[in-house]
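J.: Respectively, the protein sequence lines represent chains A and B.
Residues in the first sequence are numbered consecutively from 59, following the working numbering.
Residues in the second sequence are numbered consecutively from 59, following the working numbering.
Ideal Cβ placement from N, Cα and C applies to all residues, glycine included.
There are 2 protein chains.
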Amino acid sequence: MRRSLADKIEQYIKVLIEKSGAGQIEIQRSELAETFSCVPSQVTYVISTRFTQEEGYVTESRRGGNGFVRITRTQWINKVDNSINRNQIKAYLDDLLKRQLIGNQEYTMLVYVVESAAQGLAAEQQNQLFQVIINALGKYTSSL
Amino acid sequence: MRRSLADKIEQYIKVLIEKSGAGQIEIQRSELAETFSCVPSQVTYVISTRFTQEEGYVTESRRGGNGFVRITRTQWINKVDNSINRNQIKAYLDDLLKRQLIGNQEYTMLVYVVESAAQGLAAEQQNQLFQVIINALGKYTSSL
DNA sequence: TTAATTAAAGTCAAAAATAGTCAAAGAGGG
DNA sequence: CCCTCTTTGACTATTTTTGACTTTAATTAA
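1. Per DSSP, A/R128 forms a beta bridge with which residues?
2. So that I know if they touch, is there some Cβ in chain B lying closer than 8 Å to that of A/A91?
3. Where does A/K72 sit, in a helix, a strand or coil, going by DSSP?
4. Closer than 9 Å between beta carbons: that is the criterion. Which residues of the segment 140-168 of chain A meet it against chain B?
5. Quick check: what's the CA-CA separation for B/Q189 versus B/D65?
6. Whole angstroms is fine: what's the gap from A/E76's alpha carbon to B/F94's?
7. Using a beta-carbon distance below 8 Å, is A/N39 in contact with chain B?
8. Just the Cα atoms here: how many angstroms apart are A/K148 and B/R61?
9. Evaluate contact between the segment 114-127 of chain A and the segment 163-177 of chain A, counting only Cβ atoms and requiring at least three cross-stretch pairs below 8 Å.
10. Taking Cβ-Cβ distances shorter than 7 Å, what residues in chain B pair up with A/S62?
11. Does any residue of chain B have a CB that is nearer than 8 Å to the CB of A/K66?
12. Per DSSP, what kind of secondary structure is B/F188 in: helix, strand or coil?
13. Starting from the Cα of A/Y115, find the closest Cα among A/I129, A/G125 and A/V104 and give me that residue.
14. With a threshold of 16 other CB atoms inside 10 Å of the CB of A/E92, please say whether the residue is buried or exposed.
15. Would you identify the three-state DSSP class for A/G79, choosing helix, strand or coil?
16. Can you tell me whether DSSP reads A/I67 as helix, strand or coil?
17. Check whether the Cβ atoms of B/F126 and B/I85 lie closer than 8 Å to each other.
18. Would you kindly work out how many angstroms separate the C-alpha atoms of B/L151 and A/L74, rounded to a whole number?
19. Who are the neighbours of A/I105 on chain B, taking C-beta pairs under 9 Å?
20. Let me see if you follow: with CB-CB separation under 8 Å, is B/Y115 close to chain A or not?
21. Taking only three categories from DSSP, how would you classify B/L151?
22. On the three-state DSSP scale, how would you describe A/E205?
23. Looking at C-alpha atoms only, which residue of B/S174, B/L168, B/E173 and B/A176 is the closest neighbour of B/I192?
24. Just tell me which of A/Q100, A/D153, A/A80 and A/N185 has its CA closest to the CA of A/E68.
25. Chain A partners of B/V171, CB-CB under 7 Å?
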């Protein structure tokens with residue numbers, strides 16, 4: 059599985075966030091660019107395409123001396139807006155896995171279900187299915 | 059019956075999928091076209107005619123730098139009768155559990171999903187959802 | 001304190017790298 | 001000769017990579 063530069067940077071950042079333990083990191087754009095031998099705007103590109111609110115992240119930054127980019131993984135999960143998309147539900151599953159409310163196998167299986175649904179169902183049905191899954195997982199995890 | 063180029067490419071891809079051991083491969087359309095000395099759209103043609111959901115495959119792709127086409131083989135069960143009800147899917151789950159293709163936790167969780175669906179969705183949506191689950195489980199179990 | 005300098009990060013659009021679409025032309029089998 | 005499936009290629013769409021130029025903040029010099 060060959061990966062593009064953007065993919066590698068994305069992975070790198072995600073690992074940093076995981077390791078941080080706080081769901082939040084601060085990086086220096088130019089430093090990261092240096093690490094990957096690319097132009098700084100490449101980092102901006104990765105952040106703006108892969109760490110969006112849709113994907114479950116919030117970013118802040120500051121220019122000038124000692125500038126930084128802060129990326130925070132948001133917790134929001136299943137509330138408010140009743141339209142759930144595939145990325146949101148995947149983020150939800152990621153969270154459950156991380157909190158060990160489901161194991162690796164269950165996680166993998168559910169990802170298959172979500173992917174199949176995303177592939178084979180119309181948007182409205184997808185939404186219903188995702189609602190059902192969220193609902194069922196709520197019951198399931200609280201029954202443990 | 060002489061084998062067409064399309065047939066050869068189809069076979070080639072199927073062998074790759076077999077050898078992958080994971081029921082899934084990623085190829086670069088242009089690279090494959092190069093291998094067979096044909097135009098890239100020939101590859102698209104093969105994929106869209108021989109690797110459909112009907113045939114038991116799902117495909118995803120990405121354009122741009124390091125783009126790819128990912129083909130995943132799914133495992134279809136009895137596609138003839140396309141109406142599945144709650145009892146049938148539960149029987150299916152029981153079977154998977156008995157054959158230890160899924161564990162107790164996964165079983166329990168899926169039952170929650172099925173029950174939630176049975177309670178919260180109209181018949182037609184239920185059916186679609188169950189199809190998706192069957193499909194996803196086929197993929198999942200064949201990936202173990 | 002203010003102005004200049006330096007050190008970041010942001011913007012935007014062009015260029016490059018892929019994949020997709022669609023319709024016309026070609027090739028076999030009935 | 002027709003009909004269907006295959007092959008091609010021109011054109012489109014998407015994603016990544018790059019770089020010139022802009023904006024903002026901190027630091028230093030006057």
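T.: On the basis of the coordinates in this document:
1. A/E84 and A/E118
2. no
3. helix
4. For the segment 140-168 of chain A, which is checked against every Cβ of chain B, the residues closer than 9 Å are I160, G161, Q163, E164, T166, M167 and L168.
5. Per the coordinates, the alpha-carbon of B/Q189 lies some 30 Å from the alpha-carbon of B/D65.
6. Rounded to whole angstroms, the gap between the alpha carbons of A/E76 and B/F94 is 43 Å.
7. What is shown of chain A runs 59 to 202, which leaves residue 39 of chain A out entirely.
8. 43 Å
9. no
10. G123 and N124
11. no
12. Shown here, B/F188 sits in a helix according to DSSP, grouped into three states.
13. A/I129
14. So A/E92 counts as exposed.
15. coil
16. helix
17. yes
18. Using only the alpha carbons, I get a separation of about 39 Å.
19. Under the 9 Å cutoff, chain B gives no residues; its nearest Cβ is about 17 Å from A/I105.
20. No, no contact with chain A.
21. helix
22. Residue 205 of chain A lies beyond the range of chain A shown here (59 to 202); nothing can be said about it.
23. That would be B/L168, whose Cα lies nearest to the Cα of B/I192.
24. The residue with the shortest Cα to Cα distance from A/E68 is A/Q100.
25. V190, I191 and A194
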